[in-house]
Structure formats: C-alpha cells, structure tokens
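One line per chain: the protein sequences are W and Y, in this order.
Following the numbering used here, the numbering of the first sequence begins with 1 at its first residue and continues without gaps.
Following the numbering used here, the numbering of the second sequence begins with 239 at its first residue and continues without gaps.
What follows is a single structure, written as structure tokens, with notes after it.
Number of protein chains: 2
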Amino acid sequence: MDTLVKPEPTVPMACRSCRVRHGGMCEVLGPVELARLAACSRRTRHGSGEALAVESDAVHGYANVTRGTVKLSRVLRDGRQQLVGLQFAPDLMGRLFSSESPLSAEAATEVELCRIPRDVLEGLVADSEGLKQRLLEQALQDLDEAREWMVTLGRKSAVERVASVLLLIATRMGGRDAHGNITLDLPIGRADMADFLGLTIETVSRQMSRLRREGVISVQGHRCVVIHDIEALGARSG
Amino acid sequence: MDTLVKPEPTVPMACRSCRVRHGGMCEVLGPVELARLAACSRRTRHGSGEALAVESDAVHGYANVTRGTVKLSRVLRDGRQQLVGLQFAPDLMGRLFSSESPLSAEAATEVELCRIPRDVLEGLVADSEGLKQRLLEQALQDLDEAREWMVTLGRKSAVERVASVLLLIATRMGGRDAHGNITLDLPIGRADMADFLGLTIETVSRQMSRLRREGVISVQGHRCVVIHDIEALGARSG
DNA sequence: GAACGGATTTGATCGAAGTCAAGGACGGGT
DNA sequence: ACCCGTCCTTGACTTCGATCAAATCCGTTC
Numbered sequence: 001m002d003t004l005v006k007p008e009p010t011v012p013m014a015c016r017s018c019r020v021r022h023g024g025m026c027e028v029l030g031p032v033e034l035a036r037l038a039a040c041s042r043r044t045r046h047g048s049g050e051a052l053a054v055e056s057d058a059v060h061g062y063a064n065v066t067r068g069t070v071k072l073s074r075v076l077r078d079g080r081q082q083l084v085g086l087q088f089a090p091d092l093m094g095r096l097f098s099s100e101s102p103l104s105a106e107a108a109t110e111v112e113l114c115r116i117p118r119d120v121l122e123g124l125v126a127d128s129e130g131l132k133q134r135l136l137e138q139a140l141q142d143l144d145e146a147r148e149w150m151v152t153l154g155r156k157s158a159v160e161r162v163a164s165v166l167l168l169i170a171t172r173m174g175g176r177d178a179h180g181n182i183t184l185d186l187p188i189g190r191a192d193m194a195d196f197l198g199l200t201i202e203t204v205s206r207q208m209s210r211l212r213r214e215g216v217i218s219v220q221g222h223r224c225v226v227i228h229d230i231e232a233l234g235a236r237s238g
Numbered sequence: 239m240d241t242l243v244k245p246e247p248t249v250p251m252a253c254r255s256c257r258v259r260h261g262g263m264c265e266v267l268g269p270v271e272l273a274r275l276a277a278c279s280r281r282t283r284h285g286s287g288e289a290l291a292v293e294s295d296a297v298h299g300y301a302n303v304t305r306g307t308v309k310l311s312r313v314l315r316d317g318r319q320q321l322v323g324l325q326f327a328p329d330l331m332g333r334l335f336s337s338e339s340p341l342s343a344e345a346a347t348e349v350e351l352c353r354i355p356r357d358v359l360e361g362l363v364a365d366s367e368g369l370k371q372r373l374l375e376q377a378l379q380d381l382d383e384a385r386e387w388m389v390t391l392g393r394k395s396a397v398e399r400v401a402s403v404l405l406l407i408a409t410r411m412g413g414r415d416a417h418g419n420i421t422l423d424l425p426i427g428r429a430d431m432a433d434f435l436g437l438t439i440e441t442v443s444r445q446m447s448r449l450r451r452e453g454v455i456s457v458q459g460h461r462c463v464v465i466h467d468i469e470a471l472g473a474r475s476g
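Structure, rendered in structure tokens:
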C-alpha cells in the first residue's frame, strides 16, 4: 500500500529478498515470527511434473509456493483423476491439523518452495493470533472457490468450463499487453485442463478451437493464450 | 465421552438443554463465553423450503443449526442451480469475515436455528483462541469435503453419484435397524439430489431404481431409503 | 535445420445422460 | 376413505461429450 519501505531491523536475510514476503501468510508475521520460521525453513526447486505430496501419505511439513504453479488432485481407485485446485505464489501448501494429506500435489511448472517443518508451523499457529486469523481467512476463501468450481463441474457445458478455466488463470497470472489484451502462459496442458474441468482432452481442445474461431481468444504455440475480449469470455463462461 | 454430567456453574439456561451444547463450535466454549453468546442469541424455527440466506445479500449474522438440514446453493445467471453442501446440526451457518453471503441457504427440512448477531460472534472469535482454532478446523474439513465432492461432480457416472449422495447422507443421518440395515429419511427430494449431483431429476430417479433392482437399497415411500448392503453401495460409489 | 517424439487438433462414431411426454404413487386434507 | 396436487417413475427420442483413430503441430535434440 504505502510506497515507503520501512526499516525492519531484525527481518531475516532470507525473507528480505523473498518475492512473497508481503503476501500470503508471511504478510502478517513480524520480525520475531519470521526469524522463528527462517531458522528452520529451506528453499527447494522442483521441475515440472515432480510430485510434492501424495494422497493419504503422512504430512511431513508445509510449504509456501514462492514461484510457479502447483496442481492439487485426487484420484478414484480405478485411476480417474480430478484436479481440485491450482496453487500460485504466495499460497501455503499443506493441510493443517491432519496427519495425512487429503490430496496429491504436483509441480505444474518449475516451482520454488519455502518449506516449513510441520511442528514449526503448528507451533507458530498456536502462538500467533494473527497467523491463525490469516489462515482461517485463507481457508474460507479456498472453500468459496471450491464451491464456485462445484458449479462449474456440476452445471456448466464444455465451452463454459473451458472459458471458466481461462478466466481463472487470467485472474491469477494474466498480464495485459500494449493493446489491452490479456496474455497467458498456461501453467497446465490440455490433459490437466481436462482433469480440472471434468472433460476429456479432445473436448477441451475442440472448445479451445471454438473460442478461437469465435475470435474471443487466440493461441500461440500450445501454451500461450491471448484473450481479446474478456467480456465475451465472461459471457461464454456461464 | 464420560457418562457423568459435571456441574457447570454458570452455563446459561438456554444452553444447558441445548442439543448441540457439546458439539460444533459450542463444544470449545466455556461458561463465560457461552453467557456472552446466550445473552444475544435467539432460537428460531423454519419450515421446509424457507430461505435462510440469499446469495450476495448482506450477511446479517450467523446461526448454529440445532435441528434439521440446510441446503447451500449457488445459481448461474440463467437459473441453473447447484447445491454446494448440506449442513446438519451442529454446523455453523454463515460466512465469517465477509460482508456478503457467497451462497444461498434454504431449510431442507424443518429447521431450528440458534441465531447469533454478526458482531457478537466476530467479537468472540477475536477474543477466543479456542473458538478461532475450532472454526479453522471446521473450515479445513469443509474444504476437504468440497474437494471430495468435486471428484464426484467431475469424474463419476450417474449411478456412482447417486450412491455417493446416499452414503453422504447415511454418514450424517443414518440409523441402524434390528437387522443391521441402515435406514435413512432423506432430507431432500429428487430435485435437490439432482441439483447436488449435477444431474436431472429423471436420471436420479432411474439410478435409484437401478440400485433398488440390484438389491443394494430399497425405498419406502419417496423419502425413506433402506441400505441393505453398505459395502456394495460403497463399491457402486466409485 | 532436419528429424524425432510427445502434445494437440480434427474427424467419425458411440453411448450416457438430457429432454419431452405420459403415467403412477404418495401424502395431506376433507 | 376418497380426492387432489405434487412428486416421482418410466418410456421414447435427442444431444452433448466420450471414445477411437489419424493427422498435424511444436519444441527439442542432434
């Protein structure tokens, strides 16, 4: 908000240059709390496709996403898969207060994490009123988003779903170019879009083509989408 | 847990006989906090179908469900509807920290609420560490459930969805009869089941008939379902 | 920059669920 | 006990998205 950078005497070095220092959960932490975290946290990098957590495995710790995109998914016994969310920086990954992970997490792009051991974060949550409050707000917002997505999965047609996912990604990652168009570098391929939307790859592809034919978007290569008419895309999204 | 009822000197009268006194959020409150609540809360009853909150309306307050079942839903601009959750006693209704309701709530059955004004609950949350913790746990669990339902909506076939909703209701409301069968009084009709499952009324009805033909369940009247083989129902649910 | 391999697009056909249309059962009230 | 309205079930047909099968695109490597 304010343009002046206040001196923060004891903020750990590792946090000072951190891209998410003023976002996500770290936003509400003071120097003392950050020091407690920084003493035990460590940064890791992960290539696209790397598994970061596995459904029903023990929870070893938590991690702030500091760069990249993470896919959250669940699978049915016979292998059918559903993406249940995407996490972008500066979201916190990991299920508090549960000893086993309710879902799988996988790096969708190159990902950088700030890993926090389980007991350290839980201790901090227990001690910091502000952090608990922040995580509660985050959980409630995630819940709203999950329920919104339930409408997409339960009631929207294939085009509407594809338009919805493009809007979702645009909201989190979109940058405007010179002409006011919104440009996206999709963090996920068609297969993941299909798993997120409850469709097949072929149907996603067909609906992308359709939106392209209608002039709402254009596509460069496979991963880059330009949204020409965000209004039209919104209308198309149900 | 324990069979002895401990004397609780200053627990308000209204709470002493309350069905949910030892469940939901009230479980973690001490006499002082309960007194603060009881001083401002009031009980209301609502007939089936009555609107309890409307999407994007101002949030006036919160309410504990003390009896009955509440449907949570969202609608698309053109009227398509999706149920995004069911609330049973002793769940807390209402979206904390938001000035407008992200969804609509409607009594599915006769419902009894313990209504709490907005500022009273928010004040209590600010003051009570334990309550904030409890609500965070609840939000995280609701999030897990919402994501689980996303799998149902995105990846399951019609039979699997119907089996899933029967299991869900059985978990929250089911009673075992003499033969070990589980008996349900469905809190929602076929239309609401359809809206919860992302299907049509006709499809729900056909799949109910199918499960009946297969001997997994039987139906008495429209609302009463007996689950003969919960294992088979689980297998049928994906 | 040519060749390779995985990802994406497109086309043809199939099938599960939706739509439209009766018909039947339940339950509430008289 | 009967009647009536609502909710539910069933049947016939349609449709949207899935499936199967190529063809093509693109990014990468050599």
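Here a beta-carbon is modelled for each residue, glycine too, at the ideal position from N, C-alpha and C.
| query | result |
| --- | --- |
| By how many angstroms is the C-alpha of residue 179 (chain W) removed from the C-alpha of residue 332 (chain Y)? | 42 Å |
| If you check the beta carbons only, do residue 300 (chain Y) and residue 381 (chain Y) fall under 9 Å apart? | no |
| Name, please, each residue of chain Y whose Cβ falls closer than 8 Å to the Cβ of residue 139 (chain W). | 374, 377, 378 and 381 |
| Check whether the segment 314-322 of chain Y and the segment 252-261 of chain Y touch, using three or more Cβ-Cβ pairs below 8 Å as the test. | no |
| Runs of 4 residues minimum, wholly inside the segment 132-185 of chain W: which ones carry the alpha helix (DSSP H) assignment? | 158-173 |
| Does the Cβ-Cβ distance between residue 327 (chain W) and residue 86 (chain W) come in under 9 Å? | The question about residue 327 (chain W) has no answer, for chain W in this structure spans 1 to 238. |
| Taking three-plus beta-carbon pairs below 8 Å as touching, is the segment 150-163 of chain W in contact with the segment 24-44 of chain W? | no |
| How about residue 410 (chain Y) and residue 350 (chain Y): are their beta carbons less than 9 Å apart? | no |
| Is DSSP giving residue 441 (chain Y) helix, strand or coil here? | helix |
| Near residue 310 (chain Y), what residues of its chain come up, given a Cβ to Cβ distance below 6 Å and the 5 sequence neighbours on each side ignored? | 322, 323, 341 and 343 |
| Counting only C-beta atoms, is residue 370 (chain Y) closer than 9 Å to chain W at any point? | yes |
| Could you spell out the range, first to last residue, of the alpha helix (DSSP H) harbouring residue 15 (chain W)? | 13-16 |
| Have a look at W:164, W:219 and W:229 and flag the residue whose alpha-carbon is nearest the alpha-carbon of residue 314 (chain Y). | W:164 |
| Considering residue 324 (chain Y), what are the terminal residues of the beta strand (DSSP E) in which it resides? | 319-326 |
| In whole angstroms, what separates the C-alpha of residue 11 (chain W) from that of residue 181 (chain W)? | 39 Å |
| Just reading off the beta strand (DSSP E) that residue 455 (chain Y) is part of, what are its end residues? | 455-458 |
| Kindly list, in the order they appear in chain W, the residues whose Cβ is closer than 8 Å to that of residue 384 (chain Y). | 143, 146, 147 and 150 |
| Less than 9 Å between the beta carbons of residue 346 (chain Y) and residue 297 (chain Y), yes or no? | no |
| Report the partner residues of residue 299 (chain Y) according to the DSSP bridge assignment. | Y:355 |
| Kindly list, in the order they appear in chain W, the residues whose Cβ is closer than 7 Å to that of residue 335 (chain Y). | 137 and 140 |
| Closest to residue 366 (chain Y) by C-alpha separation, out of Y:451, Y:464, Y:269 and Y:396, would be which residue? | Y:269 |
| Name the chain W residues whose beta carbon is nearer than 7 Å to that of residue 341 (chain Y)? | 147 |
| Our contact map puts residue 328 (chain Y) next to residue 303 (chain Y) with C-beta atoms below 8 Å; I'd like the distance itself, whole angstroms only. | 7 Å |
| For residue 331 (chain Y), which residues does DSSP report across the bridge? | Y:301 |
| How big is the Cα-Cα spacing for residue 231 (chain W) and residue 139 (chain W)? | 29 Å |
| Does the CB of residue 325 (chain Y) have a neighbour CB from chain W at under 9 Å? | no |
| Residue 463 (chain Y) and residue 424 (chain Y) look like a contact to me (Cβ under 8 Å); what is the Cβ gap, rounded to whole Å? | 6 Å |
| Which partner residues does residue 72 (chain W) have in the DSSP bridge list? | W:85 and W:105 |
| How far does the alpha helix (DSSP H) with residue 197 (chain W) in it reach, from first residue to last? | 190-197 |
| Can you say whether residue 434 (chain Y) is buried or exposed, counting buried as having 16 or more other CB atoms within 10 angstroms of its CB? | buried |
| Let's test the definition: count the other Cβ atoms within 10 Å of the Cβ of residue 207 (chain W) and tell me whether it reaches 16, buried, or not, exposed. | buried |
| Do you know whose CA, among Y:443, Y:465 and Y:335, lies nearest residue 453 (chain Y)'s CA? | Y:465 |
| Which chain Y residues are close to residue 76 (chain W), counting only those with a beta carbon under 8 Å from its beta carbon? | 389, 393, 394 and 476 |
| Pull up the distance between the alpha-carbon of residue 289 (chain Y) and that of residue 50 (chain W), whole angstroms please. | 47 Å |
| Check each candidate in W:213, W:166 and W:170 and name the one with the smallest Cα separation from residue 190 (chain W). | W:166 |
| Could you run through the segment 432-451 of chain Y and flag, in chain order, every residue whose CB is less than 7 Å away from some CB of chain W? | 436 |
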